[in-house]
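Undergrad:
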Ligand code: GZL
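Residue numbers (our numbering): 363 to 715.
1. Could you tell me whether the Cβ atoms of residue 445 and residue 428 are closer together than 9 angstroms?
2. Would you say the beta carbon of residue 515 comes nearer than 8 angstroms to a heavy atom of the ligand GZL?
3. For residue 700 and residue 527, which I take to be in contact (beta-carbon distance under 8 angstroms), what is that distance rounded to the nearest angstrom?
4. For the beta strand (DSSP E) holding residue 442, just list the boundary residues, first then last.
5. Using 10 angstroms around the beta-carbon of residue 695, count the other beta-carbons present and answer buried if the total reaches 16, otherwise exposed.
6. To test your reading of the DSSP string, which unbroken beta strand (DSSP E) runs of 3 or more residues are found completely within the region 438-522?
7. Quick one: complete beta strand (DSSP E) runs, 3+ long, within the region 660-689?
8. Could you tell me which residues DSSP puts in a beta bridge with residue 636?
9. Going by DSSP in three states, residue 550 sits in which element: helix, strand or coil?
10. What three-state label does DSSP hand residue 428 in the structure shown?
11. Hey, out of 698, 664 and 650, whose CA is closest to residue 691's CA?
12. Where does the unbroken beta strand (DSSP E) through residue 713 begin, and where does it stop?
13. Which whole-angstrom value describes the C-beta separation of residue 464 and residue 417, a residue pair presumed to lie in contact below a C-beta threshold of 8 angstroms?
14. Label residue 485 either buried or exposed according to how many other C-beta atoms from any shown protein chain fall within 10 Å of its C-beta, with 16 as the threshold for buried.
15. Would the C-beta of residue 637 count as close to the ligand GZL, meaning under 8 angstroms from any of its heavy atoms?
16. Since residue 448 and residue 415 are thought to touch, with beta carbons under 8 angstroms apart, how far apart are those beta carbons, to the nearest angstrom?
17. Along the chain, where does the beta strand (DSSP E) that runs through residue 621 open and close?
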C-alpha cells in the first residue's frame, strides 16, 4: 500500500476504533468483534499490510485457526491486518482478494473454502505483484506460481493413520474385515481436507475389505452431522463405524446415534457403534475421546499463525520459503490395547487425550 494511502487508512481506523471503544469499553477485539469490523477497517497498525481472507467460521477448528492468525499479525509485531470472513462462500473470498489488491496490501493470506475456481483472481494478484500465501486447504491451479507457498496438513496421511488404527482395532478384536460396516460423514465437498480424508478411507476400505456403505457431506458442522447421521440410521440398520471428517460432525452424529437408542463406544462385539473423527481442537470432543465415545481422533493442527508469520518474515528478508510446508500431527485415543500404528514405514505413538 502506498505510504500516503496507508496514513489515511490508519487515521480512519483510529477514528473508528475510538468510536467503538467509546461504545464497547474494551481495548482488544475478540475474533467475533473483529468479524463485525472486518468489512470497513484493518486492525490498527503500521508497517507490513496483510490481507487475510478466511473461508468462514463453520467449526471450532476454524475459530482456532482464525484466532491463531489474528494473534500472529499484530500491530506490536509491525503489521496492519485486514481480516475478512468469507462466510463459507468462495465469491466473498474472491471479492476480498480484489479489495486487498485495490488496497495494495503487501501480502495476501488465503484460506480457500474449496480447491477450484481461483485461477483468475490469483492471476490478478500476481499481476499486482502481491505474494499470496495459502493457509490450510489447497487450490487447484495449472500455474503454481500463482501462489508463493502453502502451509497446512497432509489430509490423506491423517486418513491413513485413522485407517491404520481401525485396522489394528479389527486385528486386536479378531473382527473380520467384512464385518466393518462404515459410513463417512464427509466435510465440505471439494475442500482439500474432505478430498484427502475421503480418499484415505476409500483406499483403506478397498485394501482391507471393509464395507464402506455411504459417503455424505456433513459440511464440517455439528448441525449437519446430526441431520446426516439421523438420515443414515433411517436407511441402514447395520452401521457399526461412523467416520466423521471433523469433530463438530462427530458431536452431532453422537447426539443422533444416542437419540436413536444406539450405544456409542469401541465395543463393536457388544453392539456398540464406533465413532472416529478429525481435528482434536475443541474440549468437548477431547472429553468424548477420553470417555471413549469418540474412539480415535486424528489431530489436525489449526495453529498456523506463527508459521505463516515466519514465512512473511522470510519473504521480507528476501528469502525463499519452501513451496509446501506440512505440520506434524498426532493420533488421540483412550483405547489402551493400541499403543501405536504404522503408516508408510513411519511409526506413530498414540497420545492419550
Ligand atoms: C482442516 C480444515 C477443516 C477442519 C474442519 O485443515 O480445513 O475445516 O478439519 C474445518 O474442522 O472446518
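Think of the CB as a built atom: it goes at the ideal place given N, C-alpha and C, for glycine as much as any other residue.
TA: Walking through what the data contain:
1. On the chain shown, residue 445 is found 83 positions in, with the first residue counted as 1. On the chain shown, residue 428 is found 66 positions in, with the first residue counted as 1. Contact: yes.
2. Within the chain shown, residue 515 is the residue found at index 153, counting from 1. Yes, Cβ of residue 515 sits closer than 8 angstroms to a heavy atom of the ligand GZL.
3. On the chain shown, residue 700 is found 338 positions in, with the first residue counted as 1. On the chain shown, residue 527 is found 165 positions in, with the first residue counted as 1. Indeed they touch by this definition, with Cβ atoms about 6 angstroms apart.
4. As a first step, residue 442 is located in the chain shown; it is residue number 80 there, counting from the start. 441-447 is the extent of the beta strand (DSSP E) around residue 442.
5. Counted from its first residue, the chain shown places residue 695 at position 333. That one is buried.
6. 441-447, 469-472, 494-497 and 511-514
7. 686-688
8. Taking the chain shown and counting its residues from 1, one reaches residue 636 at position 274. Residue 636 pairs with 603.
9. In the chain shown, counting from the first residue as 1, residue 550 sits at position 188. DSSP places residue 550 in coil when its eight states are reduced to three.
10. On the chain shown, residue 428 is found 66 positions in, with the first residue counted as 1. Three-state DSSP puts residue 428 in a helix.
11. Indexing the chain shown from 1 puts residue 691 at position 329. Comparing Cα positions, the closest option is 664.
12. In the chain shown, the residue the question calls residue 713 occupies position 351. Taken as a continuous stretch (DSSP letters only), the beta strand (DSSP E) holding residue 713 covers 708-713.
13. Counted from its first residue, the chain shown places residue 464 at position 102. Counted from its first residue, the chain shown places residue 417 at position 55. With a Cβ gap of about 21 angstroms, residue 464 and residue 417 do not count as contacting.
14. By one-based count along the chain shown, residue 485 stands at place 123. Exposed: under 16 other Cβ atoms inside 10 Å.
15. On the chain shown, position 275 is the one that residue 637 refers to. Not under cutoff, so the answer is no.
16. Translated into the one-based positions of the chain shown, residue 448 becomes position 86. Translated into the one-based positions of the chain shown, residue 415 becomes position 53. Confirmed, Cβ separation roughly 6 angstroms.
17. Position 259 of the chain shown, counted from the start, is the residue given in the question as residue 621. Segment 609-621 is the alpha helix (DSSP H) holding residue 621; no beta strand (DSSP E) there.
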